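Enquirer: This note's numbering puts the first residue of the sequence shown at 3, with every later residue one more than the last.
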Amino acid sequence: MKTYTFEVIIEEDQWLDERIKDPVWRAYIPTLVHQGASSWGYTQKEALKNLQDAVDLFIESLLEHGEEHLLESIVQHEKEITSKPCSHIQVSDVPLIAITV
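1) Measure the C-alpha to C-alpha separation of alanine 100 and valine 26 and round it to an integer number of angstroms.
2) Just list the residues that DSSP pairs alanine 29 with in beta bridges.
3) For chain C, check one thing: does any of its Cβ atoms lie closer than 8 Å to the Cβ of tyrosine 44?
4) Measuring CA to CA, which of Val35, Glu14, Ser40 is closest to isoleucine 76?
5) What number of angstroms, rounded off, separates the C-alpha of serine 41 from the C-alpha of histidine 71?
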């Protein structure tokens with residue numbers, strides 16, 4: 003079993019309709035953004051929860067289709083293009099709990 007911990011970016015965003023002034027938050031994982039690992043919410047907490055749901059669905063889909071090797075390919079590609087150990091991707095052979103404070 004491996005546990006992957008990815009860096010999450012949370013940014014304040016705005017509505018396409020500029021008349022709406024309420025804040026909105028965008029959360030995404032840079033490494034997985036092209037696979038749909040992004041979401042939004044009315045609060046930072048909601049955006050992060052929605053992102054977790056999106057990532058869970060992405061991983062579930064990989065497993066259902068026998069394509070878990072794609073996650074390893076993404077991690078390997080990220081390591082190659084940064085040409086250094088990825089500080090924002092951690093791979094572990096033991097379960098981890100990640101907490102962002």
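Even glycine gets a Cβ: it sits at the ideal position worked out from N, Cα and C. Since we're looking at a predicted model, the values are computed, not measured.
Expert: From the atom records:
1) The pLDDT assigned to alanine 100 is 49, lower than 50, so where the model puts this residue is not dependable, and the model offers no usable value.
2) BP columns for alanine 29 point to Ile12, Ser41.
3) Of the protein chains in the structure, only one exists, and it is not chain C.
4) The residue from Val35, Glu14, Ser40 with its alpha-carbon nearest to that of isoleucine 76 is Val35.
5) C-alpha separation (whole angstroms): 24 Å.
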